[in-house]
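The sequence shown lines up with residues 166 to 427 when you count with my numbering.
We put the beta carbon where it would ideally sit given N, CA and C, even for glycine.
The next block holds one structure in the form of structure tokens; read it before the comments.
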Amino acid sequence: MPDEKHIADNEEDVSSYPSLPTHIAVIMDGNGRWAKRHGLPRISGHRRGLESVRTMVKACADYKIPYLTLFAFSSENWRRPPAEVNLLMDLFANALEQKARRLHENNVCLRIVGDTSRFSPKIRMLIQRAETLTRNNDGLKLTIAANYGGRWDVTQACQRIARDAAAGNLKAEDVTEDTIAQCLATSFLPEPDLFIRTGGERRVSNFLLWQLAYTELYFTETLWPAFDGEEFEQALASFAKRERRFGRTGDQIVNQRQIRNA
Ligand code: IPE
Ligand code: IPE
Ligand code: MG
């Protein structure tokens with residue numbers, strides 16, 4: 166059995182995990198209910214939701230949180246009434262067109278993950294333009310999940326691996342967890358430390374299924390358009406109180422902390 170010193174020297178020291186998350190992933194839910202409560206059409210809720218995106222981007226930049234990933238449209242959201250889907254597509258196109266320059270000025274690097282092949286040529290062009298414009302920025306890495314589904318992501322990763330294997334470039338026994346992670350649409354991101362879902366539902370709704378394995382989950386009743394800086398600070402405060410054990414015991418974490426602080 167290795168002694169505690171040995172563990173601290175030779176294994177990842179989880180007690181030194183910072184109290185601020187490196188990567189935050191958000192399900193921005195509750196736009197429709199927010200609109201209904203205010204006697205407005207659902208699309209007004211989505212528009213107001215964009216304001217919360219701006220608040221969140223600024224807050225992450227202020228806190229120097231390196232990665233923010235936002236779920237904007239799921240692979241299941243096509244099931245909504247066509248009129249709402251069309252309005253959401255218009256809003257997405259307008260946001261890409263109008264906000265890209267501002268993000269660029271703020272040194273944000275924007276990436277879109279998801280099956281973009283289902284979007285209109287105009288949206289695909291705007292995605293490419295915004296990603297190219299901001300690609301060299303070294304500030305906040307903002308990732309928007311659009312027509313994204315966790316199952317779609319794992320499936321497309323399996324397809325890539327199977328193609329590699331069929332071409333003779335990869336043996337089955339050489340497929341590791343890293344191989345899979347590197348084939349996911351989020352391969353350029355670390356795993357999320359903090360997951361936030363607004364709007365009261367306590368489910369993952371096919372967001373980052375593989376990537377959330379050890380993410381701290383935070384749920385709030387607050388509807389996304391009402392999610393402000395104060396709400397964000399509450400989520401951060403909740404995260405700071407968590408003890409991330411990654412399979413170890415609480416005593417191991419305390420011992421590691423004592424050794425580190427000695
Ligand atoms: C989230 O808000 C935005 C999208 C899914 C596009 P909703 O539109 O799901 O809002 P609710 O859940 O109906 O209130
Ligand atoms: C999840 O919200 C997707 C996004 C926020 C983009 P939904 O409102 O679509 O999730 P369900 O249908 O309530 O699970
Ligand atoms: Mg919803």
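query	result
Measure from the alpha carbon of L374 to the alpha carbon of each residue in D318, E249, K201 and A224, then state which is nearest.	D318
Is there contact between the segment 333-342 and the segment 309-316, where contact requires at least three CB pairs shorter than 8 Å?	no
Which residue from A322, E366, G364 and I361 puts its Cα closest to that of C348?	A322
Using 8 Å as the threshold, is the C-beta distance between F392 and R367 below it?	no
Could you tell me how far apart the beta carbons of T387 and T363 are, in whole angstroms, since I believe they sit closer than 8 Å?	5 Å
Hey, could you find the ends of the alpha helix (DSSP H) K201 is sitting in?	N196 to R202
Give every residue of the same chain whose Cβ lies closer than 7 Å to the Cβ of V273, excluding the five residues on either side of it in the sequence, and list them in chain order.	V222, T299, N302, G304, L305 and L307
Going by the DSSP bridge assignment, what does H188 pair with across the sheet?	Y232
Taking a contact to mean a Cβ-Cβ separation below 8 Å, would you say I192 touches F236 in this structure?	yes
Which residues in the same chain have their Cβ closer than 6 Å to the Cβ of A400, if we skip the five residues on either side of it in sequence?	I361 and Y383
Ignore the nearest five residues each way along the sequence and tell me which others in G415's own chain have a CB closer than 8 Å to its CB.	E408
Going by DSSP, name the residue or residues bridged to S239.	Y313
Closest by CA to D227, which one among R212, N271 and N259?	N271
Taking the continuous beta strand (DSSP E) assigned at E381, which residues delimit it?	E381 to F384
With DSSP collapsed to three states, give me the class of T308.	strand
What does a CB cutoff of less than 7 Å around V278 pick up in its chain, not counting 5 residues either side in sequence?	T308, A310, Y313, A350 and T351
Can you tell me which of K229, S217 and S240 puts its alpha carbon nearest to the alpha carbon of S184?	K229
Please list, in chain order, all residues of the same chain as T281 whose beta carbon is under 8 Å from its beta carbon, the five residues on each side excluded.	I288, R289, I292, A311 and N312
From this set, Q423, H211 and R425, which residue's C-alpha is nearest V479's C-alpha?	Outside the shown range of the chain (166 to 427) lies residue 479, about which nothing can therefore be said.
Does DSSP classify L291 as helix, strand or coil?	helix
Give me the Cα-Cα distance between A190 and S217, rounded to the nearest whole angstrom.	14 Å
I need the straight-line Cα distance from E395 to R328, nearest angstrom please.	47 Å
Tell me which residues share the same chain as S403 and place their Cβ nearer than 7 Å to its Cβ, disregarding the 5 neighbours each side in the sequence.	Y383
Give the straight-line distance between the Cα atoms of R283 and K406, rounded to the nearest whole angstrom.	41 Å
Specify, as a first and last residue, the run of the alpha helix (DSSP H) that F404 falls within.	G394 to A405
Report buried or exposed for D343, applying the criterion of at least 16 other Cβ atoms within 10 angstroms of its Cβ.	exposed
In whole angstroms, give me the CA-to-CA distance for L261 and N420.	49 Å
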